[in-house]
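Numbering (the numbering used here), first residue to last: 1 to 117. Glycine is no exception: its CB is placed at the ideal position from the N, C-alpha and C atoms.
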Amino acid sequence: MQLARVPRGRPFCGSSVAALHLRNLWVGGSRGCIGARVAPASTEPWSLNVVPRHHGHGVALELMTSVLGGTGVPAYLWVVRDNARAVAFYRKHGFELDGGTRYDPDWDRHEVRMTTT
1 MQLARVPRGR PFCGSSVAAL HLRNLWVGGS RGCIGARVAP ASTEPWSLNV
51 VPRHHGHGVA LELMTSVLGG TGVPAYLWVV RDNARAVAFY RKHGFELDGG
101 TRYDPDWDRH EVRMTTT
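So, in structure tokens, the structure goes:
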């Protein structure tokens, strides 16, 4: 697999974006924010998406560690409340539910917050 960092525009905080390609086919992407405002940690991965046929092959972990800059980095993220697969993935990699909740009206989803422990 080939990991490529993709530069982005200038959001309110520094960002890190990665795209993962396998034989020149896009299989996943992630992005995050470093230097978030009021938050339980200074780094927030915003999204991590992997093409379903590549689930279970280490793509998500490679994307997450690329955006975070490694493992064990203090971070927090929001995940759709009913996405058990995502919650299990993040728990496996050091995140825990911290009790934070919110509603995202743009996506009509309830979300729960997870932070690194």
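By Cβ distance below 8 angstroms, which residues in the same chain neighbour residue i in space, the five residues on each side in sequence not counted?
i, result
"E111", "W78, V79, V80, R81, T101, R102, Y103, D104"
"T71", "T65, H93, G94"
"V87", "V79, L97, V112, M114"
Which class does residue i belong to by DSSP, given the choice of helix, strand or coil?
i, result
"S42", "coil"
"R81", "coil"
"T65", "helix"
"G35", "For G35, the predicted structure reports a pLDDT of 45, less than 50, and the residue's modelled location is therefore unreliable. The matter cannot be settled from this model."
Give the range of the beta strand (DSSP E) segment to which residue i is assigned.
i, result
"R53", "First-last for R53: undefined, no H or E at that position."
"T101", "95-104"
Taking a contact to mean a Cβ-Cβ separation below 8 angstroms, would you say residue i touches residue j in this structure?
i, j, result
"M114", "F95", "yes"
"T116", "A39", "no"
"V73", "A60", "no"
Could you tell me the boundaries of the alpha helix (DSSP H) in which residue i lies?
i, result
"V112", "That residue, V112, is in no alpha helix (DSSP H); its beta strand (DSSP E) goes 109-116."
Cutting at 6 angstroms between CB atoms, please list the residues of its own chain near residue i, excluding the five before and the five after it.
i, result
"R109", "V80"
At the 8 angstroms Cβ level, is residue i part of the contact set with chain D, yes or no?
i, result
"D82", "Absent from the structure is chain D; it holds one protein chain and no more."
Within the same chain, show all residues whose beta-carbon is closer than 7 angstroms to that of residue i, passing over the 5 residues directly before and after it, in chain order.
i, result
"L68", "G32, T43, P45, A75"
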